[in-house]
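Here the structure comes first, spelled out in structure tokens, and everything after it is commentary.
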Amino acid sequence: MSSSVVDVSEEDNVVKDKFAEIYVMLRDHGDENGVPVFSQKDWKFVVDNYDKKKVIEVLAHYIINNKPIFPLRKIEHKNMKNSFDKLWKRDIVSLKVVRRGGDDGWEDGKDYTIKLKYDYDCTSSGVGEKCLYMIQLGHEYNDASSYFQQENRLKCNSYGYKGPLNAWVDLTELKKMNWTFWRPSMVGKNGIRSRDYRSSMRVSGYVATQFKPHVAKCIYEMNNAERILDTSCGWGDRLVAFYCTEGAKVYYGCDPNENVYEDYKKQCIEYEKLLGTKEEDIKIVDGVWVGIDEVIDDGDKCLGSKGCSYFECKGKKHVRIYNGCAEDIILGNGGFGNGGDAAGGDFDLLFTSPPYFKTEMYNEGGDGEDLQSWKRYDTFEKWRDKFLYKMIQNVEESLKVGGKIMLNIVDPQIKTKRYRVCDHLVDFVTGLGFTYDGWILQRMKGGPAKKGLSGVNWYGEPIFSFTKD
Ligand SMILES: C[S@@+](CC[C@H](N)C(=O)[O-])C[C@H]1O[C@@H](n2cnc3c(N)ncnc32)[C@H](O)[C@@H]1O
């Protein structure tokens, strides 16, 4: 055997040994679910003695082979109830809304600097020059809906990244993960706790965010909305806000993702109980949407939402949700011929946060994937015209005169390309006979406000508001 061959195999052995050494160390530090957790001292030892890349690689193999349970945020029933009760009882508008005062200033006299990710004509000139009001941050009500929908949300992939629960079972994704575990705060102070895997994925991967329930409650209350439409119910956050708003009576919605749909029903039943409705007084009806006669465009393979399920829950409140698409179903008119109550033309408000083209790939690989707007419309223009604008035309039929369309939407960005939709949307909706009222700022973390939650630098996303003439 030549010496060079011996050298290579020895090096190989050394590398293998390191792999095995790290693997055993990870396994020995597994918590009750098998997730490797380290005290500060133990983690510092790893950082000082092993190559970062190697540790990431071994960690990826360890997770795939040993299948530790992903450290979801633990939300118990009592946390959900507590969060629901607070959202129900608190005067959210006084707590969270910053209104305009007289003389063009803000009610509290502060001189805010407001920043959006993109500037739009409709937020910076004419009627949109000033935002109508602003809604403050808050995560204290998240558990009320996340108790039911956390796993669905963490399975949501984005363009370019897998959601945490999908990445957790994918060796290639795990090997790419740039875990934040080498940050000084972790090496010098905290070590690694199971929840750090979750937060690290938010930084180095992708986690779909919740819509903040208190924002929806502010919108419902600021508009005195009783009858509400939500054309993309999403993670059930606007649904919980509906239950927690005293004046809100009826909520009609849809979403083609079969997983979130199943959990909406559980949400409705549980929230009715939390409002004091006895179990025997909660009426659930399951149905199938027979569809409307519509012409399917040449080449459109998908037959749409015809035959999709819907359910109705009646107790103190009235909810009807379809497991189908907003561009197919006229919510509210669906009652005609369906054995439900025909409610067309008397809704007060559409409030939703639609998908932003294909920034998030909801239900990828799931049964209803073909109904997802990101899958159904392969170009931006098709998505805008056949999904977004068609949805708005459908909603127009169900709104009363004086009713409002309020949309949380931004220009989507895929990789580095910005797809301009917001200014065009304002022209489209006003062209249908609506007045553009202006926009509302929903504050978010990030931007200039990164450094603190108080202060006068505000960053966020717009909610565009229109009134039906
Ligand atoms: C989670 S919410 C919005 C989140 C936020 N706007 C974003 O994109 O980052 C979007 C929801 O729209 C739903 N959706 C997808 N295609 C749809 C369609 N054709 N009609 C109605 N809803 C749809 C998805 O299933 C998802 O639950």
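Per the working numbering, the sequence shown runs over residues 224 to 692. Glycine is no exception: its CB is placed at the ideal position from the N, C-alpha and C atoms.
- Judged by their CB atoms, Trp-597 and Met-614 are not nearer to each other than the 9 Å cut-off.
- Three or more beta-carbon pairs separated by less than 8 Å link the stretch 335-344 to the stretch 664-671, which places the two stretches in contact.
- Where Gly-476 is concerned, there is no enclosing alpha helix (DSSP H), although the beta strand (DSSP E) around it starts and stops at 473-477.
- Cβ-Cβ separation between Gly-589 and Glu-481: approximately 7 Å, consistent with a contact (criterion under 8 Å).
- Within a 10 Å sphere around the beta-carbon of Ile-292 sit fewer than 16 other beta-carbons, which makes this residue exposed.
- If you draw a straight line from the Cα of Arg-323 to the Cα of Leu-572, it comes to about 22 Å.
- The beta carbon of Ile-286 sits closer than 6 Å to the beta carbons of Leu-397 from its chain, once the five residues preceding and following it are set aside; these are given in chain order.
- The three-state reading of DSSP puts Ile-298 in coil, since its state is none of H, G, I, E or B.
- Judged by DSSP in its simplified three-state form, Glu-495 adopts helix.
- By the neighbour-count definition (other C-beta atoms within 10 Å, threshold 16), Arg-376 is a buried residue.
- Between the stretch 625-633 and the stretch 410-419 there are fewer than three C-beta pairs closer than 8 Å, too few to call the two in contact.
- Only residues of its own chain outside the window of five on either side were considered, and among them Ser-368, Phe-371, Gln-372, Val-483, Asp-486, Tyr-487 and Gln-490 have a CB closer than 8 Å to the CB of Gly-459, listed in chain order.
- The three-state secondary structure of Ile-415, taken from DSSP, is strand.
- Between Cys-548 and Arg-599, the CB-CB gap stays under 9 Å.
- Within a 10 Å sphere around the beta-carbon of Arg-643 sit fewer than 16 other beta-carbons, which makes this residue exposed.
- DSSP, reduced to helix, strand and coil, places Cys-441 within a helical segment of the structure shown.
- Using a Cβ-Cβ distance cut-off of 8 Å, the stretch 294-311 and the stretch 493-506 are in contact, since at least three pairs of beta carbons, one from each stretch, lie closer than that value.
- When the Cα atoms are used, Lys-267 and Ile-245 turn out to be separated by approximately 14 Å.
- Ligand 1 never approaches Val-392 closely enough for any of its heavy atoms to be under 8 Å from the residue's Cβ.
- The stretch 611-642 is shown to contain whole beta strand (DSSP E) runs of 3 or more residues at 622-631, in chain order.
- Distances taken from the Cβ of Asp-593 to the heavy atoms of ligand 1 include none shorter than 8 Å.
- For Asp-478, the CB falls within less than 8 Å of some heavy atom of ligand 1.
- Under the 10 Å beta carbon count, Lys-581 is surrounded by 16 or more other beta carbons and is classified as buried.
- Nearest in C-alpha terms to Asp-634, of all of Ser-621, Glu-620 and Val-649, is Val-649.
- Comparing C-alpha distances from Phe-687 to each of Phe-574, Asn-617, Met-424 and Lys-277 shows the shortest one belongs to Phe-574.
- Residue state for Asn-447 is assigned as coil, using DSSP reduced to three classes.
- Secondary structure within the stretch 333-384: the alpha helix (DSSP H) runs of 4 or more consecutive residues, fully enclosed, are 344-347 and 366-377 (chain order).
- DSSP places Tyr-659 inside the beta strand (DSSP E), whose first and last residues are 657-666.
- Placement of the Cβ of Asn-631 at a distance of less than 8 Å from at least one heavy atom of ligand 1 is found.
- Ranked by Cα distance from Val-618, the options Gly-538, Val-463, Arg-450 and Glu-684 are led by Arg-450.
- Look at Phe-580 here: in three-state DSSP terms it is coil, with no helix or strand label.
- Under DSSP, the beta-bridge partners assigned to Cys-536 are Ile-507 and Val-542.
- For Ile-245, the secondary structure class from DSSP, reduced to helix, strand or coil, is helix.
- If you draw a straight line from the Cα of His-541 to the Cα of Arg-641, it comes to about 39 Å.
- The beta carbon of Ser-621 lies closer than 7 Å to those of Leu-452, Ile-553, Leu-554, Gly-555, Asn-556, Gly-567, Gly-568 and Phe-570 in the same chain, with the five residues before and after it left out.
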